[in-house]
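Presented below is the structure to which this report refers.
Below you can see the structure in the form of structure tokens.
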């Protein structure tokens with residue numbers, strides 16, 4: 047009975063990620079409840095990578111936004127908490143979709159940028175405009191964003207399938223009391 051109750055508690059979480067997937071597919075600029083966490087992780091990434099030169103400092107926000115859920119995922123894998131691993135895949139998907147929005151804006155630069163470390167409008171650098179220009183790939187901003195969205199889609203599908211799989215295993219498991 048204990049495992050069945052645990053499964054029922056987890057079901058709304060998986061259904062919520064399925065809802066997020068539908069929203070992300072329907073609107074490439076959709077903002078989820080994870081945006082605040084992703085933003086904080088992104089900004090911390092800039093600080094963390096600032097010691098490796100300007101290009102890595104600028105890339106570090108997006109890099110760490112993607113790496114942070116993977117680090118959490120590895121921690122949950124080591125604990126053998128497979129439902130939490132599936133949750134981390136969902137978080138990773140939201141990070142991919144967030145970074146895709148930013149990359150897609152590289153040429154247009156229409157997003158309102160929030161830079162807690164900048165002291166004026168001139169201090170704000172559009173990460174993806176800088177990066178894609180630096181690598182002479184600015185014309186590929188839409189393709190980069192598409193690739194990031196595809197990785198987000200894959201990650202979210204893994205989240206949902208693995209989450210349902212863990213729930214099914216919990217329902218089928220017999221209590222060992």
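Numbering (the numbering used here), first residue to last: 47 to 223.
For each residue, glycine too, the CB sits at the ideal point set by N, CA and C.
Query, Result
"Can you tell me which of the three DSSP states residue 211 falls into?", "helix"
"What does the alpha-carbon distance come out to for the pair residue 96 and residue 219?", "49 Å"
"At what residues does the alpha helix (DSSP H) containing residue 107 begin and finish?", "100-124"
"Compute the Euclidean distance between the alpha carbons of residue 116 and residue 193, then round it to the nearest angstrom.", "18 Å"
"Quick check: what's the CA-CA separation for residue 186 versus residue 86?", "27 Å"
"Is the CB-CB distance between residue 146 and residue 191 below 9 Å?", "yes"
"Using a Cβ-Cβ cutoff of less than 6 Å, which residues in the same chain neighbour residue 90 once the five nearest sequence positions on both sides are dropped?", "none"
"The alpha helix (DSSP H) that contains residue 144, what's its start and end?", "128-150"
"Within its chain, find whatever has a CB closer than 6 Å to the CB of residue 159; leave out the 5 residues flanking it on each side and keep chain order.", "170"
"For the alpha helix (DSSP H) that contains residue 84, what are its first and last residues?", "81-95"
"According to DSSP, is residue 74 part of a helix, a strand, or is it coil?", "coil"
"Spatial neighbours of residue 148 within its chain, please: C-beta separation below 6 Å, excluding the five flanking residues on both sides.", "174"
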